[in-house]
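Enquirer: Okay, here's the structure, questions in a sec.
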Amino acid sequence: MKLSKLVIAAAVVAAGASSMTTSAFAQAKEQFFPLLSYRTGPYAPNGVPWANGKQDYIKMINARDGGINGVKLTFEECETGYATDRGVECYERLKGKPGVSLFDPQATGITFALTEKAPVDKIPLMTLGYGLSVAQDGQAFKWNFPFMGSYWTGADILIQHIGKTAGGLDKLKGKKIALVYHDSPFGKEPIPLLQERARMHGFELQMLPVTAPGVEQKATWLQVRQSRPDYVLLWGWGVMNSTALKEAQATGFPRDKLYGVWWAGAEPDVRDVGEGAKGYHALALNGYGTQSKVIQDILKNVHDKGQGTGPKDEVGSVLYTRGVIIQMLAVEAVRRAQERFGKGKVMTGEQVRWGMENLALDQKKLDALGFKDLMRPLSTSCADHMGSTWARVHTWDGKKFNFSSDWYQADEQILKPMVKAGADKYLADKKMTRRDAADCQS
Amino acid sequence: MLYRENGQFKTSYRADQAIFPIAQDRIAIALMLAVAFLVVPMLASDYIFRAILIPFVIMALAALGVNILVGYCGQISLGSGAFMAVGAYGAYNFFVRIPGLPLIPALILGGLCATFFGILFGLPSLRVKGLYLAVATLAAQFFSDWMFLRIKWFTNNSDSGSVSVNNLQVFGMPIESATSKYIFCLAVLVVVALLAKNLVRGSVGREWMAIRDMDVAAAVIGIRPMYAKLSAFAVSSFIIGMAGALWAFVHLGAWEPAAFSVEVSFRLLFMVIIGGLGSIMGGFFGAAFIVVLPIVLNQFLPALVGMFGIEISTAGVSHAELMIFGALIVWFLIVEPHGLAKLWSTAKQKLRLWPFPH
């Protein structure tokens, strides 16, 4: 051999390296959205529609409005495979692009790693419905934005709903609730809140961890069969959800006593189980379907022109719509920032952060944006980086999900002290202090 | 022609036993170090540092540790990820429980935790070998996964099991910028590699290699298998533990037990097999192959197919990356079963005789 081959190999590598550096200097005057996603691996069934929704909304804004006040939107996707180290690599690759706005890491593990890096690079993180629950406290976490809800609000709403169906929260006394969770930060985050609720209402909380990625659950469901909990909360993602539903069916655990978080309540989770998942409840963070104006606009401006990402019949599914909402919030944050820092300009990460912190989307505005019935109003502030905690429950009838409850809001009285205590502990560990009033204005 | 040792006479045992007996090698290594420490920091961008060079340097350190155990002492281990995790969490616990602890003592203390853990799980090696030992060390991996997920004390009572560090400093200098992180990791790697190289050249290394080649014969000529095997486990897991602490502290900043899953163990084993068993150089080659190549492929493929006017989706790139990577592994192992380090030494051997092949 082989020297000649080695030389060729070296040349190929060198060419690759140079293409990396040149692409970093392309284009300016465009707002760039780095899209971290996973289209491969055990979480792909849920990661794909989410990523498609984000992309399609950007394409739609460009096609329908010509960007944000004339600023064109660009994006680049980077495959993380849900792995933290690849996610960090993607972040490092995309953070230096001109016009970079904000990151949606799309995975709790990556969020934890980026939480340390974002303040240094001055790029905000949006973690809609996931990530660090204590990051709701914007005075401690300047760069994190868990919009619309966290694992704590989700767990709180689930307990409220179970209490309501049982005829009052006091009826939960002496009951047994099992938590079947993904054994990772994603699955463990809700535990403190559930423990707090268990203390308040006197129910017994049983923890049943499932090793990632969650395809092996036989032992867990054997425990469920043994201890016969009154309710099971399902805290899964990707293949874990459909596996859990199949196991519940095999175990004979009544599916209508099974409650999933909003990451366990989308079509890919139940479609394969079909009739076997009939009666399964899950939280719905957002509305869905093809009726709303924004989805119609996407179909008209993107998919009908053959530029859609992914299959057309998945447009309007639960996670697709969530992707659209995430991207809409990102776009609105940029728009809000432009109102203060100059319309028609490309916003920096710091300016977008201000926009995220001062979002005010009331019902009128949501209707105008075409998000009627897809979400509830949201308004953020320096103290509250979440903006709203609304969610409702939907139930699978064997073919599709139907809403089966009214909107709930997480109980502020339980949440607030927990968020404050958690943020204080974080600040103490890091030897940092809360942001003062002046910092909130900036 | 350039790479020839004619005229270089060794007149003492000292000169004959030098690490790099050929003058050209010494110059090459000095140049390489100069490039790595001086030229690279001037040229490389933030991305190259944080996404490619730092992971490469840290994984090369871990591969070096694995190579001592697997390559030099012949004890197959699937628990390397666990040793990394013990190093990382050990260093973390010292770091948060002793206020103001600088980075270097934390690293060393983390490495010592891993040493203890390594010796503990190296004990089965006294009775079993080969595949049986591989399975026994796999137990270390599962044990550490369980331990760091379940025992809250190790994660400083973190609710989610995720921990993070900041305010890293060495001799009062903060390790925050990409360049300082890179230089620090590289310095650790160079020091450890030099120590390891001398260790494997010395009597301890010879004992390890004797055990690897035939343990019964080694015992007959007076080598104590227990001492040799356990010292290999100790040294190896100390190095791997330090690498784990660097990976967690310097590269990730915040991590969860999944960062040191069984997949990391496999990747480390692949690194030493592809890089070259029983070679310090092999660890570097293997780490480059396993850490850097997928990232390069991932970015190079869209540009490549773009030249032919084809657009490839993110998923497509990811699938192609895995396929090409797998094919390359198979190809390399067929062409040279002894790994990239052997290719390197073959090339050197040929250069010595060039232009006359015989």
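Residue numbers (the UniProt record's numbering), protein chains in the order written: chain A, 1 to 442; chain B, 1 to 358. Backbone N, C-alpha and C define an ideal beta-carbon position, used for all residues, glycine too. Fair warning: this is a prediction, and the values are worked out from it, not measured in the lab.
Measure from the C-beta of A212(A) to each C-beta in chain B and report whether the shortest distance is under 8 Å.
Expert: Closer than 8 Å to some Cβ of chain B, the Cβ of A212(A) qualifies, so yes.
Enquirer: Drop a sphere of 10 angstroms on the beta-carbon of A217(B), count the other beta-carbons inside from all chains shown, and report buried for 16 or more, exposed for fewer.
Expert: A217(B) comes out exposed.
Enquirer: Which of the three DSSP states, helix, strand or coil, is assigned to H338(B)?
Expert: The answer is coil: DSSP assigns H338(B) none of H, G, I, E or B.
Enquirer: Can you give me the start and stop residues for the alpha helix (DSSP H) that Y227(B) sits inside?
Expert: Taken as a continuous stretch (DSSP letters only), the alpha helix (DSSP H) holding Y227(B) covers 225 to 246.
Enquirer: Can you give me the C-alpha to C-alpha distance between L246(B) and L301(B), rounded to a whole angstrom?
Expert: If you take the alpha carbons of L246(B) and L301(B), they lie about 31 Å apart.
Enquirer: Use the C-beta contact count for T111(A): other C-beta atoms within 10 angstroms, 16 or more gives buried, fewer gives exposed.
Expert: Buried.
Enquirer: Among residues of its own chain, excluding the 5 on either side of A277(A), which ones have a beta-carbon nearer than 7 Å to its beta-carbon?
Expert: Same-chain partners within the cutoff: L245, R255, V270, W396.
Enquirer: Per DSSP, what are the beta-bridge partners of T74(A) in this structure?
Expert: Its beta-bridge partners are F32(A).
Enquirer: Just confirm the distance between the C-beta atoms of V273(A) and Q249(A), as a whole number of angstroms; I'd bet it's less than 8 Å.
Expert: With 8 Å as the limit, V273(A) and Q249(A) qualify as a contact, their Cβ atoms being about 7 Å apart.
Enquirer: Looking at the structure shown, is R212(B) part of a helix, part of a strand, or coil, going by DSSP?
Expert: Note: R212(B) maps to helix in three-state DSSP.
Enquirer: Within 8 Å (strictly less), CB to CB, does W354(B) reach chain A?
Expert: Output row for W354(B): interface = no.
Enquirer: Does the Cβ of K54(A) have 16 or more other Cβ atoms within 10 Å, making it buried, or fewer, making it exposed?
Expert: Buried.
Enquirer: Express the C-alpha separation of H394(A) and W235(A) in angstroms, rounding to a whole number.
Expert: Each residue's alpha carbon lies about 16 Å from the other.
Enquirer: Step through the CB atoms of chain B and report whether any lies within less than 8 Å of the CB of E77(A).
Expert: E77(A) counts as touching chain B.
Enquirer: Which of helix, strand or coil does DSSP assign to N402(A)?
Expert: Here N402(A) sits in strand by DSSP.
Enquirer: In the DSSP assignment, what residue or residues form a beta bridge with E204(A)?
Expert: Note: E204(A) sits in a beta bridge opposite K176(A).
Enquirer: Span of the alpha helix (DSSP H) holding G306(B)?
Expert: Element bounds for G306(B): 293 to 307.
Enquirer: Beta-carbon within less than 7 Å of Q17(B)'s beta-carbon, same chain only, minus the 5 sequence neighbours each way: which residues are those?
Expert: Excluding positions up to five away in sequence, the list is empty.
Enquirer: Would P49(A) pass as a contact of G308(A) if the rule is Cβ separation under 8 Å?
Expert: Contact: no.
Enquirer: Three or more C-beta pairs under 8 Å: does that hold for the segment 326 to 338 of chain B against the segment 262 to 274 of chain B?
Expert: Yes, the segment 326 to 338 of chain B touches the segment 262 to 274 of chain B.
Enquirer: Which residues in the same chain have their Cβ closer than 8 Å to the Cβ of S18(A), if we skip the five residues on either side of it in sequence?
Expert: The predicted model places S18(A) with a pLDDT of 46, which falls under 50 and marks its position as unreliable, so this point remains unresolved.
Enquirer: Would you say A135(A) reaches chain B, if we count a Cβ-Cβ gap shorter than 8 Å as a contact?
Expert: So, not an interface residue.
Enquirer: Using CA atoms only, rank isn't needed, just tell me which of F56(B), I27(B), T11(B) is closest to V296(B).
Expert: For the residues F56(B), I27(B), T11(B), the minimum Cα distance to V296(B) belongs to F56(B).
Enquirer: Count the other C-beta atoms from every protein chain shown that fall within 10 angstroms of the C-beta of L374(A), then say buried if there are 16 or more, exposed otherwise.
Expert: With 16 or more Cβ atoms within 10 Å of its Cβ, L374(A) is classed as buried.
Enquirer: For D46(B), go through chain A and note every residue whose CB falls closer than 8 Å to its CB, in chain order.
Expert: Per Cβ cutoff of 8 Å: E92, G96.
Enquirer: For my contact list, Q8(B) and A23(B) are in at a C-beta cut-off of 8 Å; report their separation, rounded to the angstrom.
Expert: Yes, Q8(B) and A23(B) are in contact; Cβ-Cβ is about 6 Å, under 8 Å.
Enquirer: Contact defined as beta carbons within less than 8 Å: I believe G109(A) pairs with E256(B). What is the distance between those atoms, to the nearest angstrom?
Expert: Indeed, because the Cβ distance is near 6 Å, the residues count as touching under 8 Å.
Enquirer: Given this structure, state the Cα-to-Cα distance separating I310(B) from G265(A), to the nearest angstrom.
Expert: So the two alpha carbons sit approximately 36 Å from each other.
Enquirer: Do the segment 179 to 189 of chain A and the segment 153 to 162 of chain B touch if we need at least three Cβ pairs shorter than 8 Å?
Expert: They touch, by the three-pair rule.
Enquirer: Can you list, in chain order, the residues of its chain whose CB lies under 6 Å from that of D137(A), leaving out five sequence neighbours each side?
Expert: Only V419, A423 meet the Cβ criterion.
Enquirer: Which chain A residues are close to V216(B), counting only those with a beta carbon under 7 Å from its beta carbon?
Expert: Simply none; closest approach about 37 Å.
Enquirer: Got a sec? Which residues, its chain only, sit under 8 Å from residue 363(B) by beta carbon, not counting five neighbours each side?
Expert: A question about residue 363(B) goes unanswered here, because the residues of chain B that appear run from 1 up to 358.
Enquirer: What is the residue span of the alpha helix (DSSP H) that R435(A) lies within?
Expert: Note, R435(A): premise wrong, no alpha helix (DSSP H); not H, not E.
Enquirer: Considering only the beta carbon of each residue, do S231(B) and V204(B) sit closer than 8 Å?
Expert: Contact: yes.
Enquirer: The alpha helix (DSSP H) with R392(A) in it runs from where to where?
Expert: No alpha helix (DSSP H) contains R392(A), which is instead part of the beta strand (DSSP E) from 390 to 396.
Enquirer: Please report the Cβ distance between S125(B) and Q75(B), rounded to the nearest whole angstrom; I am assuming they are in contact, meaning their Cβ atoms lie under 8 Å.
Expert: Contact holds; Cβ gap of about 5 Å.
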